[in-house]
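Protein chains: 2
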Amino acid sequence: MEFNLTQRQQNILLAIVLDYIATAEPVGSRTISKKYDLGLSPATIRNDMAELEDLGLLTQPHSSSGRIPSDLGYRNFVDYLMEKPTLSNSDKELMKNIRNNNTSSLEFMIDQSARVLSALSNTVALIQVPESNKEFIKHFQLLPINENTFVTIVVTNTGKVHNFIVKTDKTVNEGFFSNITGYLTEQLLGTPISNLQKKLNDIITGNQEYDNILRSIYNSIKNNLSYEKNKIYVSGTSNLLKEPEFNENQKAHSLMNFFEIGEKQNELSNVFLAIGSTLIDKSDPIVLIGKEIKISQLENCSLIIGSYNIGEDLSGSIGLLGPTRMQYGKSLATLEEMIKNLSNLLTNIYDVSNNFE
Amino acid sequence: MEFNLTQRQQNILLAIVLDYIATAEPVGSRTISKKYDLGLSPATIRNDMAELEDLGLLTQPHSSSGRIPSDLGYRNFVDYLMEKPTLSNSDKELMKNIRNNNTSSLEFMIDQSARVLSALSNTVALIQVPESNKEFIKHFQLLPINENTFVTIVVTNTGKVHNFIVKTDKTVNEGFFSNITGYLTEQLLGTPISNLQKKLNDIITGNQEYDNILRSIYNSIKNNLSYEKNKIYVSGTSNLLKEPEFNENQKAHSLMNFFEIGEKQNELSNVFLAIGSTLIDKSDPIVLIGKEIKISQLENCSLIIGSYNIGEDLSGSIGLLGPTRMQYGKSLATLEEMIKNLSNLLTNIYDVSNNFE
DNA sequence: TGTTAGCACTCACCTTAGTAGAGTGCTAAT
DNA sequence: ATTAGCACTCTACTAAGGTGAGTGCTAACA
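Chains as they are written, first to last, in my numbering: chain A, 1 to 357; chain B, 358 to 714.
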């Protein structure tokens with residue numbers, strides 16, 4: 001990945017990337033000579049541009065136009081050349097305000113964070129609802145709604161509340177529910193949430209009525225836990241439509257379609273969660289550029305992805321998706337700050353390490 | 358609104374609307390004469406078209422082009438001319454399958470319904486989470502998470518489970534929570550959910566610790582109930598981008614932006630909920646065409662809106678948004694069928710009338 | 001030897017002009 | 001009352017020419 005560029009070539013590459021990000025127009029030698037104070041004539045710059053193109057860092061839409069950074073060009077820019085700005089106070093303020101809405105539900109805070117993130121970065125913000133394998137059941141309860149329906153409520157040590165509507169075949173009375181709640185609480189307390197399904201399947205009481213109910217709960221949870229687990233919050237998809245690279249109607253449609261199908265469980269979430277789970281050192285966000293994402297629909301996009309955490313056990317992926325021609329420095333700085341902010345905020349509220357059990 | 362059109366004029370208007378909906382191209386007299394079996398020459402049709410234009414039912418993009426239906430033209434079409442097709446069995450099947458995913462959470466079923474609805478109608482589907490003023494509190498519980506955080510769980514007679522994370526200033530022990538839970542349960546059981554906030558504010562125990570906790574719960578609920586109340590599920594927004602009328606990038610962007618900001622609580626939801634609440638006889642969906650919606654961003658769109666119900670007490674708005682050039686008949690039929698399907702499905706599960714209290 | 005001025009060349013983009021075609025309104029004939 | 005015929009209008013498409021931004025190459029220069 002190293003190219004042994006001369007200092008001058010680096011300067012030129014930097015100028016081209018910055019200019020192209022700002023204008024979305026191919027950058028010519030004259031433009032650089034004039035706008036950027038490199039003290040070089042267009043001819044000299046042309047020579048270096050030709051070499052940068054040979055190295056695969058730049059491309060040319062057609063033979064007599066200016067240059068555009070290639071994926072590799074952006075890669076080099078991100079790894080060696082760009083500066084990461086410090087965020088403005090007003091930006092930080094916006095993030096802190098998420099906390100100020102007093103105490104709220106987990107979902108509300110993640111939702112708000114995604115909104116702020118997309119607004120500040122002008123990209124699409126993606127935040128996964130946190131997952132944990134140290135999350136365990138703290139409270140388990142069946143509540144009857146009517147004669148053949150009840151709600152199953154599962155509360156974990158992290159404060160997440162899951163609920164499932166369950167229908168029964170036979171009508172049962174209210175006393176029955178407090179009995180079985182007592183029984184199941186005893187069985188399930190402390191069970192890791194990831195293990196709940198299996199455990200429910202394993203319990204056999206021998207009592208026909210109990211076992212029927214257990215079977216119903218099992219089915220309901222099977223369908224719903226996965227639905228909730230893969231949930232991600234997406235905000236700012238319309239930001240992409242602003243960009244000239246998505247001008248053509250068909251491109252815009254196919255991209256929005258990709259986002260939408262994925263809103264809950266398909267394409268986009270799968271991609272996002274899959275990439276998130278491969279991150280090794282999760283503390284710093286990584287940048288994937290264009291084809292590096294390996295999804296054809298996103299080959300004109302870049303993804304900055306990292307993860308936030310709640311205490312030491314819980315974590316979720318968080319990322320930004322924009323055109324390859326995105327503001328990498330600002331976006332990265334914004335994402336990092338949001339990771340800090342969100343981690344702090346949620347750790348403060350949900351951290352399980354100071355749990356009294 | 359009556360125009361006393363001759364039968365022939367009605368036929369011509371019908372042909373123009375159908376053709377324009379199918380092709381998105383202005384319709385000329387020759388086209389009608391050829392494609393539709395009216396037994397009339399183009400000249401005759403032209404005379405009637407001129408009159409229909411005088412009446413405001415048609416417009417002309419420019420002086421030598423064919424005609425396009427105006428909002429009023431669509432209005433007439435919808436009210437007097439169109440046929441409502443019977444749905445195909447495969448369409449009905451898709452709706453019934455929502456039920457087959459076994460028992461599920463309310464949100465999951467509404468989400469699924471919105472997806473199916475948008476897919477079948479090729480429009481944007483909007484479904485509000487059901488509201489009720491006969492919904493009352495059936496279960497109220499505080500559960501500690503760690504030494505200064507607890508979850509408030511509120512379950513209503515309809516099976517809806519609300520939960521709120523609440524922080525306390527002082528640390529309190531576990532026994533304290535079961536005491537206050539007992540106290541509050543006694544106070545709040547049977548309280549209409551719409552009245553919960555006020556009631557919490559009114560309770561003054563005189564006990565300093567209790568009152569602090571009550572104040573915290575009050576604040577948390579204040580912020581969150583409204584967030585949950587206005588929630589609507591939106592699906593199929595990208596369907597609109599397919600249509601030629603939203604070809605221009607800027608239009609597409611402003612429209613998607615309108616949808617997105619509104620995803621949870623602003624523009625689109627407000628509009629949708631406001632219109633929903635003005636419906637008098639909610640049993641049949643109504644059609645709003647173009648400017649009738651009275652939202653500038655949606656002046657090229659039509660909205661079909663109705664409401665579904667759960668038993669007799671709960672109801673929510675449900676609607677379809679498409680270009681004015683949408684398939685009114687098919688969309689209306691689809692929406693009506695979905696209303697039946699969803700109402701049945703949810704009434705079956707959640708109906709409170711056979712509640713044992 | 002690295003840098004730059006000069007020059008011929010390329011190619012997208014814009015403007016202009018011309019043409020084809022779909023559609024209209026009007027008039028006169030049926 | 002209906003329709004055939006005709007002159008007219010306006011968009012959409014195409015071709016041609018001009019403009020300008022940009023390039024690569026060569027030769028001169030410091």
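Backbone N, C-alpha and C define an ideal beta-carbon position, used for all residues, glycine too.
This structure is a prediction, so every number in the text was calculated from the model and none was measured.
Delimiting residues of the beta strand (DSSP E) encompassing residue i
{"i": "B:Gln498", "result": "494-503"}
{"i": "A:Ile165", "result": "161-167"}
{"i": "A:Val271", "result": "A:Val271 -> not in any beta strand (DSSP E); alpha helix (DSSP H) instead, spanning 267-278."}
{"i": "A:Leu288", "result": "286-289"}
Per DSSP, the bridge partner or partners of residue i
{"i": "B:Gly679", "result": "B:Ser659"}
{"i": "A:Val124", "result": "A:Leu321"}
{"i": "B:Pro426", "result": "B:Leu415"}
{"i": "B:Ile510", "result": "B:Gln498, B:Asn520"}
{"i": "B:Pro383", "result": "According to DSSP, which records beta bridges pairwise, B:Pro383 is partnered with nothing at all."}
{"i": "B:Val591", "result": "B:Leu483"}
{"i": "A:Asn309", "result": "A:Ser315"}
Other residues of its chain near residue i: CB distance less than 8 angstroms, five sequence neighbours each side excluded
{"i": "A:Ile293", "result": "Val271, Ile275, Glu299, Cys301, Ser302, Leu303"}
{"i": "A:Glu51", "result": "Gln9"}
{"i": "B:Tyr567", "result": "Ile537, Tyr540"}
{"i": "A:Glu131", "result": "Lys229, Leu314, Ser315, Gly316"}
{"i": "B:Phe534", "result": "Leu499, Leu500, Pro501, Phe507"}
{"i": "A:Val124", "result": "Ser118, Val234, Ser235, Gly236, Thr237, Asn239, Leu240, Phe259, Leu320, Leu321, Gly322"}
Same chain, Cβ closer than 6 angstroms to residue i, neighbours up to 5 away in sequence not counted
{"i": "A:Thr149", "result": "Lys167"}
{"i": "B:Glu602", "result": "Asn657, Pro680"}
{"i": "B:Leu451", "result": "Val473"}
{"i": "A:Asp91", "result": "Leu120"}
{"i": "B:Leu699", "result": "Ser470, Tyr665"}
{"i": "B:Thr401", "result": "none"}
{"i": "B:Asp652", "result": "Looking at the sequence shown, residue 652 of chain B is not Asp but Ile. Once the five neighbours on either side are set aside, the close Cβ partners of B:Ile652 are Val628."}
{"i": "A:Arg30", "result": "Pro42"}
{"i": "B:Glu693", "result": "none"}
{"i": "B:Ile550", "result": "Glu492, Thr513"}
{"i": "A:Glu188", "result": "It is worth fixing the name first, because residue 188 of chain A is Leu in this sequence and not Glu. Only Ile137, Phe140 meet the Cβ criterion."}
Residues that residue i contacts on chain A, provided the C-beta gap is smaller than 7 angstroms
{"i": "B:Asn520", "result": "Ser105, Val161"}
{"i": "B:Thr538", "result": "Here the premise fails: no neighbours, minimum Cβ distance about 12 angstroms."}
{"i": "B:Val508", "result": "Val155, Gly159, Val161"}
Bounding residues of the alpha helix (DSSP H) (the contiguous stretch that carries residue i)
{"i": "B:Ser595", "result": "594-599"}
{"i": "B:Val374", "result": "364-380"}
{"i": "A:Leu200", "result": "196-202"}
{"i": "A:Asn179", "result": "174-188"}
Between the CA atoms of residue j and residue i - distance to the nearest angstrom
{"i": "A:Phe3", "j": "A:Leu40", "result": "22 angstroms"}
{"i": "B:Leu414", "j": "B:Leu678", "result": "22 angstroms"}
{"i": "A:Ser331", "j": "A:Ser121", "result": "5 angstroms"}
{"i": "B:Gly673", "j": "B:Ser664", "result": "5 angstroms"}
{"i": "B:Val529", "j": "B:Glu504", "result": "7 angstroms"}
{"i": "B:Asn701", "j": "A:Gly190", "result": "38 angstroms"}
{"i": "B:Asp394", "j": "B:Leu612", "result": "39 angstroms"}
{"i": "A:Asp238", "j": "B:Asn614", "result": "Here the sequence assigns Ser to residue 238 of chain A, which means Asp is not the residue at that position. Taking the straight line from one Cα to the other gives about 5 angstroms."}
{"i": "B:Asp499", "j": "B:Gln554", "result": "Checking the displayed sequence, the identity of residue 499 of chain B turns out to be Leu instead of Asp. Distance between the alpha carbons of B:Leu499 and B:Gln554: 16 angstroms."}
{"i": "A:Ile286", "j": "A:Ile305", "result": "6 angstroms"}
{"i": "B:Pro308", "j": "B:Val384", "result": "Because chain B is modelled from 358 through 714, residue 308 of chain B falls outside the range shown and cannot be assessed."}
{"i": "B:Thr704", "j": "B:Ile667", "result": "4 angstroms"}
{"i": "B:Thr542", "j": "B:Asn520", "result": "15 angstroms"}
{"i": "A:Thr23", "j": "A:Ser235", "result": "25 angstroms"}
{"i": "B:Ile389", "j": "B:Pro442", "result": "22 angstroms"}
{"i": "B:Leu571", "j": "B:Ile510", "result": "14 angstroms"}
{"i": "B:Lys648", "j": "B:Lys579", "result": "36 angstroms"}
{"i": "B:Leu625", "j": "B:Lys588", "result": "11 angstroms"}
{"i": "B:Leu438", "j": "B:Arg432", "result": "9 angstroms"}
Under 8 angstroms from the C-beta of residue i: neighbouring residues of chain B
{"i": "A:Met256", "result": "Thr594, Ser595, Leu598, Met613"}
{"i": "A:His139", "result": "Leu500"}
Chain-ordered chain A contacts of residue i [CB-CB under 8 angstroms]
{"i": "B:Ala609", "result": "Leu241, Asn249, Ala252"}
{"i": "B:Glu617", "result": "Ser235, Gly236, Thr237, Ser238"}
Close beta carbons around residue i, own chain, < 7 angstroms, minus the five adjacent residues each side
{"i": "B:Ile561", "result": "Asp568"}
{"i": "A:Gly73", "result": "Leu13, Val17, Leu57, Leu58"}
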